[in-house]
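Everything on this sheet refers to the single structure shown next.
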Ligand code: SAH
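In this note's numbering, the protein residues as written are 17 to 378.
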């Protein structure tokens with residue numbers, strides 16, 4: 017049940033139903049119940065395919081937790097409050113979050129922990145890490161229980177399926193996944209059509225022929241559902257991810273296997289697939305649904321505003337020499353512009369009329 021097996025099934029599917037969107041390909045490659053990447057693998061850490069901010073430094077989850085608990089205090093401490101995380105991975109962010117937020121009286125007692133994760137392998141990791149907080153695993157955002165809401169998501173949006181659209185001579189076309197004569201997968205261009213042009217955000221439609229635009233319908237749908245909820249019930253949602261705002265970089269979909277880049281069609285189910293997040297489109301969808309949007313700001317500005325460096329000083333005082341080095345290099349990786357500091361960005365979606373969460377007020 018490795019990559020080749022899934023490739024053969026994808027080819028059979030395409031021969032029966034025609035070329036599929038890249039989004040459909042991504043959904044199958046990542047989430048097919050038998051052979052999908054997240055169905056079978058533990059992708060995180062040195063032995064996996066990628067390393068995320070909470071795995072690099074405990075300070076990440078700690079300052080996010082303090083900022084959320086502070087927001088909770090500012091909205092008059094609703095009890096209960098739903099504390100939800102999308103794509104918690106190994107549960108590290110939330111463990112650091114809850115430990116730090118314990119300094120805010122009443123917060124932990126009020127928080128009802130809700131986790132949303134497609135991966136059975138990672139849900140088991142989360143159970144081990146966060147079981148003491150009695151989490152409820154929801155099948156999707158639409159299953160998150162009602163009530164005031166705090167939501168966090170780090171490196172979740174980049175895993176959502178994207179579609180790639182190419183500017184043709186007059187209209188736009190869609191890049192599709194097709195089957196080649198030798199039983200492999202290949203990219204093919206669908207026909208130029210006004211219907212495809214309408215999928216391109218208006219401000220990007222006049223790009224030159226050959227330009228590629230990525231759209232992420234699942235991210236826009238999530239933003240709209242979140243906004244709808246936040247107009248009815250008070251709350252805030254924080255998203256941190258790598259991506260862009262304003263001008264678009266073209267094709268960003270990439271496949272990683274064992275920390276190395278491979279072709280996006282080479283190893284479905286074995287390689288991780290992700291794309292840069294279009295924060296402008298995400299923010300627009302949330303605003304269109306009636307929510308307020310703060311940011312995006314760079315991860316560097318966000319963590320600095322949340323006092324990450326002060327937190328580092330405090331931790332260094334109690335640390336052994338070996339721990340000191342790890343703490344210092346960890347935070348540097350997160351905020352250095354040459355590393356994750358500016359590629360990664362944070363955006364907050366809140367109920368309209370609420371004060372901006374800490375980290376977005378500068
Ligand atoms: N937030 C964690 C993990 C990031 S990896 C961290 O920062 O370390 C992406 C996470 O999102 C994984 O836990 C994966 O299982 C989950 N995920 C990816 N696509 C998903 C989807 N469509 N629905 C729910 N969870 C998903």
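Beta carbons are placed, not taken as given, at the ideal position from N, Cα and C, and that holds for glycine. A quick note: this is a predicted structure, and the numbers were derived from the prediction, not measured.
For the 9 Å CB-CB criterion, residue 350 and residue 73 form a contact. DSSP places residue 84 in the helix class (H, G or I) of the three-state scheme. For residue 280, the closest of 44, 89, 239 by C-alpha to C-alpha distance is 44.
Under the three-state reduction of DSSP, residue 249 is assigned to coil, being neither helix nor strand. The beta-bridge partner set that DSSP reports for residue 36 consists of 193. Residue 167 holds the alpha-carbon nearest to the alpha-carbon of residue 241 among 265, 167, 260. Residue burial annotation: residue 329 is exposed, with fewer than 16 other C-beta atoms found within 10 angstroms of its C-beta. Under the 10 Å beta carbon count, residue 92 is surrounded by fewer than 16 other beta carbons and is classified as exposed. Under DSSP, residue 262 shares a beta bridge with no residue. DSSP, read as helix, strand or coil, puts residue 344 in helix. Excluding the 5 residues flanking it on each side, residue 346 has same chain C-beta neighbours closer than 6 Å at 72, 73, in chain order. Between the region 176-192 and the region 112-131 there are fewer than three C-beta pairs closer than 8 Å, too few to call the two in contact. Rounded to whole angstroms, the Cβ separation of residue 70 and residue 81 is 11 Å, and the two are not in contact under 8 Å.
With a contact defined as Cβ atoms closer than 8 Å, residue 295 and residue 266 miss out at about 16 Å. Judged by their CB atoms, residue 176 and residue 191 are not nearer to each other than the 9 Å cut-off.
Where residue 296 is concerned, the enclosing alpha helix (DSSP H) starts and stops at 295-304. By the neighbour-count criterion, in which 16 or more other beta carbons inside 10 Å mark a residue as buried, residue 164 falls on the buried side. Inclusion of residue 313 and residue 278 in the CB contact set at 9 Å is not warranted, their separation being larger than that value.
Going by DSSP, residue 376 is part of no beta strand (DSSP E) at all; its letter is neither H nor E. Under the three-state reduction of DSSP output, residue 275 falls in the coil class, being neither helix nor strand. If you compare the alpha carbons of 188, 214, 244, 212 with that of residue 225, the shortest gap goes to 188. At least one heavy atom of the ligand SAH falls within 8 Å of the beta-carbon of residue 47. For residue 157, the closest C-alpha among the options 200, 133, 367 is that of 133.
If you check the C-beta of residue 190 against the ligand SAH, you find no heavy atom less than 8 Å away. Residue range 210-213 is occupied by the alpha helix (DSSP H) that includes residue 213.
For residue 172, the shortest C-beta to heavy atom distance toward the ligand SAH is below 8 Å. A straight-line Cα-Cα distance of about 30 Å links residue 22 and residue 159.
Checking the DSSP bridge columns, you'll see residue 310 partnered with 364. In terms of Cα proximity to residue 49, the closest of 98, 162, 135, 210 is 135. Between the region 299-318 and the region 360-375, the count of C-beta pairs closer than 8 Å reaches three or more; the two stretches touch.
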